[in-house]
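Visitor:
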Amino acid sequence: MRRRGSILLTAAILCAAGLAAAPVPAGASDDVPPQPTGWREVFSPDGTITRVQIPQQVEAAPSRADIRAAAAAEVIPIQDTGSPDSRFDLVIVGDGYTASEMSLLRQQAQAKWNEISATAPWEKHRQNINVWLVNVVSHQSGVDNDPTQGVNRDTALDMGFFCGGIERLLCLSEPKAKAYAAEAPGADAIVAVGNTTKYGGAGYPSLATVAGGNAQAGRIAIHELGHSVGGLADEYYTPGTTYPGGEPGQPNVTTDRTGSKWSSYLGRSTPDGGVIGAYQGGSQYEYGIYRPSQDSLMRNINKPFNLIGLSVMDHAISSEIRRAAPGRG
Ligand SMILES: [Zn+2]
Numbered sequence: 030m031r032r033r034g035s036i037l038l039t040a041a042i043l044c045a046a047g048l049a050a051a052p053v054p055a056g057a058s059d060d061v062p063p064q065p066t067g068w069r070e071v072f073s074p075d076g077t078i079t080r081v082q083i084p085q086q087v088e089a090a091p092s093r094a095d096i097r098a099a100a101a102a103e104v105i106p107i108q109d110t111g112s113p114d115s116r117f118d119l120v121i122v123g124d125g126y127t128a129s130e131m132s133l134l135r136q137q138a139q140a141k142w143n144e145i146s147a148t149a150p151w152e153k154h155r156q157n158i159n160v161w162l163v164n165v166v167s168h169q170s171g172v173d174n175d176p177t178q179g180v181n182r183d184t185a186l187d188m189g190f191f192c193g194g195i196e197r198l199l200c201l202s203e204p205k206a207k208a209y210a211a212e213a214p215g216a217d218a219i220v221a222v223g224n225t226t227k228y229g230g231a232g233y234p235s236l237a238t239v240a241g242g243n244a245q246a247g248r249i250a251i252h253e254l255g256h257s258v259g260g261l262a263d264e265y266y267t268p269g270t271t272y273p274g275g276e277p278g279q280p281n282v283t284t285d286r287t288g289s290k291w292s293s294y295l296g297r298s299t300p301d302g303g304v305i306g307a308y309q310g311g312s313q314y315e316y317g318i319y320r321p322s323q324d325s326l327m328r329n330i331n332k333p334f335n336l337i338g339l340s341v342m343d344h345a346i347s348s349e350i351r352r353a354a355p356g357r358g
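In terms of this note's numbering, the sequence shown is residues 30 to 358.
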């Protein structure tokens with residue numbers, strides 16, 4: 030299926046290749062330096078983001094038993110607005126919820142969707158988005174290493190804190206999460222919620238993890254959807270680093286210090302504060318690369334998208350809604 034395939038190919042965190050829908054100027058290349066595998070984003074409650082490399086996890090493909098379990102999982106609509114062929118489909122999978130906790134999963138999934146759909150540009154499209162919840166049943170309640178290291182629980186997606194030794198990094202088995210998500214009628218984006226109130230989450234190439242019971246953690250998913258849906262680059266950086274590549278393909282970073290990539294926006298005020306310009310630092314590098322605004326959602330998860338991010342996200346969401354219904358949306 031095209032849409033599932035698009036998720037598998039959206040290596041947002043590792044290579045952050047721009048989607049075809051993004052307004053990339055002619056002549057731009059996808060000349061992004063290769064990044065080591067095993068990178069994960071770590072989010073702080075104050076909104077700041079850092080990137081760490083964790084030891085490469087060996088994630089076996091789901092076993093036959095896993096696939097049978099995924100196929101048996103109940104899929105329920107949080108909201109069903111129309112055929113997946115003409116809708117944007119967001120899939121939420123849960124981990125660490127037992128059979129008797131399906132109502133808690135439903136409640137926490139709904140809360141995350143409420144938070145996502147209250148932000149721009151999701152808000153304006155919410156009536157044309159399907160949200161599917163996959164009722165993944167775990168043997169035990171909770172996730173690993175919660176509240177402290179050494180606590181192990183038998184859960185369907187192997188979710189746990191202290192991933193790579195980092196307390197708030199909430200990892201899971203990506204292949205298993207995707208197997209469950211594939212049971213939904215459509216999957217343009219995936220968010221995995223864990224049964225925990227402890228702050229945390231993580232960004233994967235194809236999905237985001239968030240603490241289901243933590244009100245601040247939903248912002249993590251909103252940032253990650255910027256990568257997986259919009260093909261946006263990060264706008265934060267590691268101090269002291271210089272960008273080594275050519276013009277990046279992502280729409281919100283450039284090596285051109287004049288910001289001509291987003292020339293029609295230059296000087297306009299932006300929802301994250303200030304005006305659109307060319308601010309040095311982005312895509313993990315401090316020097317030699319520029320971002321459109323001082324402090325957008327792709328740099329601080331407590332901020333909104335800047336005008337460039339908004340435009341790109343709007344286009345990406347709309348294109349899924351319009352595909353089978355030209356002129357709609
Ligand atoms: Zn990011």
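No residue lacks a Cβ here, since even glycine has one placed at the ideal position from N, Cα and C.
None of the values given here were measured: they were computed from a predicted structure.
So what's Ser116 in DSSP terms, helix, strand or just coil?
Guide: According to the sequence as given, residue 116 is Arg; it is not Ser. The answer is coil: DSSP assigns Arg116 none of H, G, I, E or B.
Visitor: Would you tell me roughly how many angstroms separate the C-alpha atoms of Ile346 and Ser325, rounded to the nearest one?
Guide: Those two C-alpha atoms are separated by around 19 Å.
Visitor: His168: buried (16+ other C-beta within 10 angstroms of its C-beta) or exposed?
Guide: Flag for His168 reads exposed.
Visitor: Quick one: any contact between the stretch 128-144 and the stretch 175-191, if contact means 3 or more CB pairs under 8 Å?
Guide: Judged by Cβ distances under 8 Å, the stretch 128-144 makes no contact with the stretch 175-191, as fewer than three pairs qualify.
Visitor: Take Ile195 and list the residues in its own chain whose beta-carbon comes closer than 7 Å to its own, dropping the five residues that flank it on each side.
Guide: Closer than 7 Å at Cβ, skipping near neighbours: Val71, Val81.
Visitor: Suppose you measure from the CA of Phe190 to the CA of Ala94; what does that come to, to the nearest Å?
Guide: Looking at the two C-alpha atoms, the distance is approximately 25 Å.
Visitor: Taking the alpha-carbon of Gly247 as reference, which of Gly230, Gly255, His256, Leu236 has the nearest alpha-carbon?
Guide: The option with the nearest alpha carbon to Gly247 is Gly230.
Visitor: When every heavy atom of ligand 1 is checked, does at least one fall within less than 7 Å of the C-beta of His256?
Guide: Correct: His256 has its Cβ closer than 7 Å to ligand 1.
Visitor: Who are the Cβ neighbours of Gln309 in its own chain at under 6 Å, not counting the five residues just before and after it?
Guide: Excluding positions up to five away in sequence, the list reads Tyr319.
Visitor: Looking at Tyr126: is its Cβ nearer than 8 Å to the Cβ of Asn243?
Guide: The answer is no: Cβ separation not under 8 Å.
Visitor: For Leu201, name the three-state secondary structure that DSSP assigns.
Guide: Coil.
Visitor: What does the alpha-carbon distance come out to for the pair Tyr266 and Tyr314?
Guide: Answer to the nearest angstrom: the Cα atoms are 5 Å apart.
Visitor: Hey, Ile350 and Ser112: beta-carbon distance below 8 Å or not?
Guide: No, they are not a contact pair.
Visitor: Per DSSP, what are the beta-bridge partners of Phe72 in this structure?
Guide: Ile78.
Visitor: According to DSSP, simplified to helix, strand and coil, what is Val172?
Guide: Three-state DSSP puts Val172 in coil, outside helix and strand.
Visitor: Please report how far the alpha carbon of Ala307 lies from the alpha carbon of Trp291, in whole angstroms.
Guide: Their backbone Cα atoms lie some 9 Å apart in a straight line.
Visitor: If you reduce the DSSP assignment to three classes, tell me which class Val163 lands in.
Guide: In this structure, Val163 counts as strand in the three-state DSSP scheme.
Visitor: Does the beta-carbon of Glu70, which I'm using as the reference point, lie nearer than 7 Å to any heavy atom of ligand 1?
Guide: Yes, ligand 1 has a heavy atom inside 7 Å of this Cβ.
Visitor: To the nearest angstrom, how far is it from the Cα of Ser322 to the Cα of Arg328?
Guide: So the alpha carbons of these two residues sit roughly 10 Å apart.
Visitor: With burial defined as no fewer than 16 other Cβ atoms inside 10 Å of the residue's Cβ, what is the status of Gly396: buried or exposed?
Guide: This structure leaves residue 396 out entirely; the chain is present only between 30 and 358.
Visitor: Can you tell me the Cα-Cα spacing of Val166 and Thr148, whole angstroms?
Guide: About 30 Å.
Visitor: Quick one: residues in its chain with C-beta nearer than 8 Å to the C-beta of Glu212, no 5 flanking neighbours on either side, listed in chain order?
Guide: Here the set comprises Ala99, Ala100, Ala102, Val104, Val163.
Visitor: Can you tell me whether Gly250 is buried or exposed? The criterion is at least 16 other CB atoms within 10 Å of its CB, across all chains shown.
Guide: Sequence inspection shows Ala at residue 250; the Gly mentioned does not correspond to that position. Per the 10 Å Cβ criterion, buried.
Visitor: Reducing DSSP to helix, strand and coil, say where Gln323 ends up.
Guide: Correct three-state label for Gln323: coil.
Visitor: Can you look up Val4 in the DSSP assignment and give me helix, strand or coil?
Guide: Within the shown structure, residues of the chain are numbered from 30 to 358, placing residue 4 beyond reach of any answer.
Visitor: Would you check if the distance between the CB atom of Ile78 and the CB atom of Thr110 is smaller than 8 Å?
Guide: No, these two residues do not count as a Cβ contact at 8 Å.
Visitor: Are the beta-carbon atoms belonging to Asn335 and Asp301 less than 8 Å from one another?
Guide: Cβ distance < 8 Å, so Asn335 and Asp301 count as in contact.
Visitor: With distances taken Cα to Cα, identify the nearest neighbour of Thr238 among His252, Ser293, Leu199, His344.
Guide: Nearest option by C-alpha distance: Leu199.
Visitor: On the CB-based measure, 16 or more other CB atoms within 10 Å of its CB, does Ala208 come out buried or exposed?
Guide: Under this definition Ala208 is a buried residue.
Visitor: Whole-angstrom Cβ separation of Leu236 and Ala206, contact assumed at under 8 Å?
Guide: Confirmed, about 6 Å.
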